[in-house]
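Read through the structure below, which is laid out as structure tokens, and then see the notes.
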Amino acid sequence: MAVSLELTAAIDVVSRSILAAVVRPKSSGTKSGNGSSRRGGRATKSVDALLLLAEMCTPQPMRPHWSPRAAAQGSDLPYAQLVEADKRMQGAAARPVIIPEMIVMDNGKVFASRAFMDACAQLGISVRPACYRSPTHKAIIERTFRSIKTLFSQFLSGYAGKDPRQRGNNAERLWSVDQINDFLQQWIALGWQQRPHEALRNPFLPSMPPRTPNQVFTAHVASSGYLPVRLSDEDRLRLLPTAWVRVTEKGIRFDHRTYDSRALNGYRHTPSGWPGKGQRWPVRYHPHQPEKVWLEDRRNGIWVEADFVYQRLIGDAWSEHVWDQATAAHLEKGGSSRDEAAIARVVRALLERAGRGPSRTATPQPAPVDRGLSVGPQPAKDPYQGIPAPDFRLITSLPSMDTSLRQLCLPPSCSPLHGAPRPTQPDTGETRTGT
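If you want it as structure tokens, here you go:
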């Protein structure tokens with residue numbers, strides 16, 4: 001199914017660096033009746049803006065299939081000094097980490113949400129909304145999105161321009177959302193951060209060639225310094241949206257799903273201690289990892305984790321978008337939104353069908369799910385513990401990865417590359433892909 005994508009990004013005004021970018025599918029969904037709520041729709045949500053803030057605080061890790069030229073080591077960034085100040089920069093991509101003092105945001109409800117404002121306050125970032133219907137108040141982000149369309153998006157097979165109706169649906173190849181995201185992250189480190197920018201000229205020496213965003217960042221970090229911000233597991237939980245719900249004998253009922261665990265026994269039908277909340281407790285949730293929720297016990301300073309009661313019926317990783325799609329399909333057949341077990345089985349069927357893909361002869365693979373940053377009060381066990389880290393300097397890339405993006409994105413019939421990797425003031429832009 002071909003859907004449009006929505007891009008949300010954060011741009012540093014001084015260096016024109018793209019600090020973080022999030023790609024999400026955009027679909028309107030369906031309604032089962034005139035008075036019913038819409039199911040199955042998806043676009044950028046408030047949690048995606050929170051993930052954008054978290055990615056701005058975290059170095060972008062290199063991926064094994066990326067070009068070595070996309071690495072921070074050997075680029076214009078002061079790699080040795082950054083690694084000395086922040087060990088996370090070791091093996092990172094050539095994208096700087098900048099915590100802004102102020103964010104000039106779009107007036108969309110994604111950024112005007114309480115969760116986004118609270119997260120900015122927690123990180124010490126002031127927020128100023130741009131004027132309504134005034135693109136000149138955020139001209140830098142508008143021009144950056146134009147550059148993304150001309151330098152990146154138009155070279156992807158399946159690109160539909162400003163409006164999908166202008167070019168039809170006959171694309172040679174459509175990419176999955178994860179592939180588009182992987183392409184984009186590599187292009188940011190290689191095709192944007194290390195590309196000379198016409199706006200980055202020295203005003204006192206206009207005859208000098210323009211600088212790259214990484215070169216301007218290096219010049220400014222030498223004068224202002226670099227102070228890394230490390231988010232703990234508890235900090236990541238506090239960045240998530242909050243829902244105020246009661247804990248009953250069945251557990252936590254949230255978004256038409258039930259969560260429960262033995263650790264909730266001491267919180268059932270008890271007051272939370274929050275002024276004016278009664279028996280409602282603050283519960284943090286992650287739309288891209290909806291199999292768990294976390295209850296915050298402020299009096300004891302602990303987090304209580306609860307699991308989705310029908311997770312065993314799904315098994316694989318899933319997201320809230322998949323749940324909404326399954327709910328819409330279940331309601332079309334006359335089902336009820338309270339029948340969680342039936343919806344969980346539909347989710348499992350959707351994941352299995354997505355894993356099989358369009359070809360019946362293909363080997364079933366787990367469906368890729370974009371789940372954002374990992375969260376939780378305790379760090380998960382590293383499955384690769386004990387395995388030495390790869391040396392990216394010794395990994396040779398495919399020849400096409402070191403060529404232009406136009407040649408990289410040629411259809412399979414014209415390119416020797418048969419598998420492709422997955423490919424910022426905030427605003428949105430659209431392109432087109434397939435899932």
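Take 1 as the starting number for the sequence shown in the numbering used here and just add one per residue. The beta-carbon is built from N, C-alpha and C at its ideal position, and this holds for glycine as well.
Next on the checklist: Buried or exposed for D48, going by 16 or more other Cβ atoms inside 10 Å?
Outcome noted: buried
Item to check | Under the three-state DSSP convention, the category P275 falls into | outcome: coil
Item to check | Residue from A94, P68, S67 with nearest C-alpha to A80 | outcome: A94
Checklist entry - Of all the CB atoms in chain D, is at least one closer than 9 angstroms to the CB of V216? => result The structure shown contains no chain D; it is built from a single protein chain.
Item to check | Length of the line joining the Cα atoms of A20 and M62 | outcome: 14 angstroms
Checklist entry - Which one of E142, K26, L82, L51 has the shortest CA to CA distance from R16? => result When each option's Cα is compared against that of R16, the closest is E142.
Item to check | Close Cβ partners of N170 (< 7 angstroms) along its chain, the five nearest in sequence each way excluded | outcome: No answer about N170 holds up, because its pLDDT of 46 lies below 50 and its placement is not dependable.
Item to check | C57 beta carbon less than 9 angstroms from that of R230 | outcome: yes
Next on the checklist: Here's a check: name, in chain order, each residue in its chain whose Cβ is nearer than 7 angstroms to the Cβ of Y226, leaving out the five neighbours to either side.
Outcome noted: L82, A85
Checklist entry - Where are the beta strand (DSSP E) runs, 3 residues long or more, that stay fully inside the segment 175 to 250, in chain order? => result 242 to 248
Checklist entry - When the Cα atoms are used, what is the spatial distance from A317 to A139? => result 39 angstroms
Next on the checklist: Our contact map puts Q194 next to N214 with C-beta atoms below 8 angstroms; I'd like the distance itself, whole angstroms only.
Outcome noted: 6 angstroms
Checklist entry - Per DSSP, what kind of secondary structure is T431 in: helix, strand or coil? => result Model confidence at T431 stands at a pLDDT of 44, short of 50, so the residue's coordinates are unreliable; what they give is reported in the following sentence. T431: strand per DSSP, three-state reduction.
Checklist entry - If you draw a straight line from the C-alpha of H288 to the C-alpha of T150, how long is it? => result Between H288 and T150, the C-alpha separation is close to 30 angstroms.
Checklist entry - When you compare only the Cα positions, how much space is there between S337 and R201? => result 58 angstroms
Checklist entry - At what residues does the alpha helix (DSSP H) containing F145 begin and finish? => result 139 to 151
Next on the checklist: Can you tell me which residues form a DSSP beta bridge with W281?
Outcome noted: V245
Checklist entry - Which same chain residues, not among the five before or five after T218, have their C-beta less than 8 angstroms away from its C-beta? => result D76, L77, P78
Next on the checklist: Could you give the first and the last residue of the continuous beta strand (DSSP E) run that contains I302?
Outcome noted: 302 to 308
Checklist entry - Can you tell me whether DSSP reads R253 as helix, strand or coil? => result strand
Checklist entry - Is it buried or exposed for W281, if we count other Cβ within 10 angstroms and need 16 for buried? => result buried
Checklist entry - Nearest to A389 by alpha carbon, out of R299, P68, G91? => result G91
Next on the checklist: Excluding the 5 residues flanking L313 on each side, which residues of the same chain have their C-beta closer than 7 angstroms to its C-beta?
Outcome noted: A341, A344, R345, R348
Checklist entry - Can you tell me whether Y384 is buried or exposed, with buried defined as 16 or more other CB within 10 angstroms of its CB? => result That one is exposed.
Item to check | Delimiting residues of the alpha helix (DSSP H) encompassing L441 | outcome: Residue numbering for the chain in the displayed model covers 1 to 435; residue 441 lies beyond these limits and cannot be assessed.
Checklist entry - Taking buried to mean at least 16 other C-beta atoms within 10 Å of its own C-beta, is P96 buried or exposed? => result buried
Item to check | Close beta carbons around R299, own chain, < 8 angstroms, minus the five adjacent residues each side | outcome: G273
Item to check | C-alpha distance - T8 paired with T44, whole-angstrom precision | outcome: 8 angstroms
Next on the checklist: Checking 9 angstroms against the spacing of the C-beta atoms, do L156 and W175 come in under that value?
Outcome noted: Between L156 and W175, the CB-CB gap stays under 9 angstroms.
Next on the checklist: Assuming E291 and R268 are in contact, meaning their beta carbons sit under 8 angstroms apart, how far apart are those beta carbons, in whole angstroms?
Outcome noted: Incorrect: roughly 21 angstroms between the Cβ atoms, too far for contact.
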